[in-house]
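Take a look at the structure:
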């Protein structure tokens, strides 16, 4: 696999990751599958940062489109196009990193929920993590199953952003090689370049995404 084909492979793989990030962030605005909490402002703070919508979504989707184009036979499939793909991939890295940090904070701090008569973030700044103690989850009485809801979606965002980071960093390296050696979209030269990287990333993507989605559905 040459650098051009590797770019196409990375771009195609980034599409579903960006879509999943956007969907997860949108769903997080409706805890308990209710719209009333979003209307009243009873939303977890990290959800409002829109890490999955902006970071892992738009900031990855736009670079994915360009990276995919560099792998096609056309005006962008050249050394200059591969050089620009490094900059686009860097934007993707920034977006994925932002999504990763927000998802991590969302998991650490826990959901914004009702405890008795008050709305608060009960698990924030605790010495012991609520993630390891399911008995604490019952503190949140509303929205229904909000702890499981947040954990599942933020965990998916964490995995998708991690894969996005790997893919975009891989494209930065691939783009450098493509800039120096060409994309070989029209030539049978430099075959085998970065084949293990591309194939490993794609296989890992499929396994992790389906595992996380199945885990989330089982929890819900």
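Numbering (the working numbering), first residue to last: 65 to 284. Don't be surprised by glycine CBs; every beta carbon is placed ideally from N, CA and C.
1. How big is the Cα-Cα spacing for residue 172 and residue 220?
2. Residue 182 by DSSP, collapsed to three states: which one?
3. Helix or strand or just coil, what does DSSP make of residue 88?
4. Around the C-beta of residue 226, are 16 or more other C-beta atoms found within 10 angstroms, so that it is buried, or is it exposed?
5. CB residue 118 to CB residue 93, shorter than 8 Å?
6. Am I right that residue 86 and residue 217 are in contact with their C-beta atoms under 8 Å? What's the rounded C-beta distance?
7. Here's a check: name, in chain order, each residue in its chain whose Cβ is nearer than 6 Å to the Cβ of residue 252, leaving out the five neighbours to either side.
8. Pull up the DSSP beta-bridge partners for residue 177, would you.
9. Under 8 Å by Cβ, that's how I've got residue 74 and residue 176 pegged, so tell me the actual separation to the nearest angstrom.
10. Taking C-beta to C-beta, are residue 229 and residue 160 nearer than 8 Å?
11. Does DSSP put residue 258 in a helix, in a strand, or in coil?
12. By alpha-carbon positions, which one of 149, 184, 188, 210 ends up nearest to residue 71?
13. Would you tell me roughly how many angstroms separate the C-alpha atoms of residue 82 and residue 241, rounded to the nearest one?
Answer, in terms of the structure:
1. By one-based count along the chain shown, residue 172 stands at place 108. By one-based count along the chain shown, residue 220 stands at place 156. The alpha-carbon atoms of residue 172 and residue 220 are separated by roughly 14 Å.
2. Taking the first residue of the chain shown as 1, we reach residue 182 at position 118. The answer is strand: DSSP assigns residue 182 an E or B state.
3. Locating residue 88 in the chain shown gives position 24, counting from the first residue. It is helical.
4. For this step, residue 226 is matched to residue 162 along the chain shown. So residue 226 counts as buried.
5. Along the chain shown, read from residue 1 onward, the residue named residue 118 stands at position 54. Along the chain shown, read from residue 1 onward, the residue named residue 93 stands at position 29. The Cβ-Cβ distance between residue 118 and residue 93 does not fall below 8 Å.
6. By 1-based counting over the chain shown, the position of residue 86 is 22. By 1-based counting over the chain shown, the position of residue 217 is 153. Between residue 217 and residue 86 the Cβ distance is about 12 Å, and since that is not below 8 Å, they are no contact.
7. For the purposes of this step, residue 252 is taken as residue 188 along the chain shown, with counting starting at 1. Because residue 252 carries a pLDDT of 45, less than 50, the predicted location of this residue cannot be relied on, and the following value inherits that uncertainty. For residue 252, where only same-chain residues beyond five positions count, there are no Cβ hits under 6 Å.
8. Taking the chain shown and counting its residues from 1, one reaches residue 177 at position 113. DSSP lists 184 as partners of residue 177.
9. Working through the chain shown from its first residue, we reach residue 74 at position 10. Working through the chain shown from its first residue, we reach residue 176 at position 112. No, residue 74 and residue 176 are not in contact; Cβ-Cβ is about 36 Å, not under 8 Å.
10. Position 165 of the chain shown holds residue 229. Position 96 of the chain shown holds residue 160. Going by C-beta atoms, residue 229 is nearer than 8 Å to residue 160.
11. Indexing the chain shown from 1 puts residue 258 at position 194. Because the pLDDT at residue 258 is just 42, under 50, the model does not fix this residue reliably, and the value given afterwards should be weighed accordingly. The answer is coil: DSSP assigns residue 258 none of H, G, I, E or B.
12. By 1-based counting over the chain shown, the position of residue 71 is 7. Closest by alpha carbon: 149.
13. Position 18 of the chain shown, counted from the start, is the residue given in the question as residue 82. Position 177 of the chain shown, counted from the start, is the residue given in the question as residue 241. Take the alpha-carbon of residue 82 and the one of residue 241: they are about 25 Å apart.
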